[in-house]
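Asker:
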Amino acid sequence: MDSLSYKTISITENDIKKKYLVVDATDQILGRLCSKIAKILRGKNKPDFTPNMDCGDYVIVINADKVKMSNGKMEKREYLRYTGYPGGQRMFTPADLMNKSFGKTMKSGKHPLFIKVVKGMLPKTRLGAAQLNNLFVFNGPDHHMEDKNPEIIDINKIK
40 MDSLSYKTIS ITENDIKKKY LVVDATDQIL GRLCSKIAKI LRGKNKPDFT PNMDCGDYVI
100 VINADKVKMS NGKMEKREYL RYTGYPGGQR MFTPADLMNK SFGKTMKSGK HPLFIKVVKG
160 MLPKTRLGAA QLNNLFVFNG PDHHMEDKNP EIIDINKIK
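All the letters of the sequence shown, read from the start, carry residue numbers 40 to 198 under this note's numbering.
1) Which residues in the same chain have their Cβ closer than 7 Å to the Cβ of N84, if we skip the five residues on either side of it in sequence?
2) Helix, strand or coil for R71? Go by DSSP, reduced to three states.
3) Among I99, G111, K146, which one has its Cα closest to the Cα of A134?
4) R120 by DSSP, collapsed to three states: which one?
5) Return the chain-ordered ranges of every beta strand (DSSP E) run that is complete within the stretch 85-147 and spans a minimum of 3 residues.
6) Tell me where the beta strand (DSSP E) around L174 begins and ends.
7) For M145, count neighbouring Cβ atoms within 10 angstroms of its own Cβ and tell me buried if that reaches 16, exposed if not.
8) Could you give the DSSP three-state label for D63: helix, strand or coil?
9) Is it buried or exposed for F175, if we count other Cβ within 10 angstroms and need 16 for buried?
10) Based on the DSSP output, what are the partners of E185 in its beta bridges?
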C-alpha cells in the first residue's frame with residue numbers, strides 16, 4: 040500500500056487543450072494587464088499546470104492603443120537596448136513603442152510595447168519564446184482570428 044494518498048500528475052502533449060481568449064485592454068494599466076496575460080500564456084491559471092510544458096492558452100489583445108500607464112510613465116520611463124557596437128546604447132520610451140506599433144512595417148498582431156513587457160515576465164528559455172508566440176496584440180477592436188472561435192474573457196476577474 041502506498042503511503043501517499045495522491046500522486047503528482049504531469050500533463051502530456053496529448054492532454055493539452057488550448058483555447059483562444061480575447062482580452063480588451065481599454066483603460067487597463069499596462070503592467071497589471073501584462074502580468075495577467077503572462078499567467079494565461081504560461082497556463083498558471085489552469086489546474087493542470089506543468090512548468091516544463093507549453094500548456095497555456097492563446098491570448099488576443101484588442102484595443103491596445105487605449106492602454107494606460109500611471110503617473111506619466113508613458114513619456115518618462117526609458118527602456119535601453121544595446122546594438123553591440125561602441126556607443127550603440129539606444130534609449131526609447133513606451134510612447135515611442137506605441138507609435139511604432141502604428142507603422143505599416145509592423146507585422147500584424149505584433150505590438151512592440153506589449154511584447155517588451157510580457158517577454159520580461161516569461162521564462163528566459165526556448166519555452167518562454169514559444170509561449171510569447173501565442174500572444175497577438177491589435178490596436179483596434181478588430182482582429183483576424185474570428186475563425187478560431189475565440190472566447191471573450193474579463194481580465195479583471197483573473198487573479
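Beta carbons: idealized from backbone N, C-alpha and C, even for Gly.
Since this is a predicted model, take the numbers as computed values, not measurements.
Answerer: To lay it out plainly:
1) K78, I197
2) helix
3) G111
4) strand
5) 97-101, 118-121, 128-131
6) 174-176
7) exposed
8) strand
9) buried
10) Looking at the DSSP assignment, E185 forms no beta bridge with any residue, so it has no partner.
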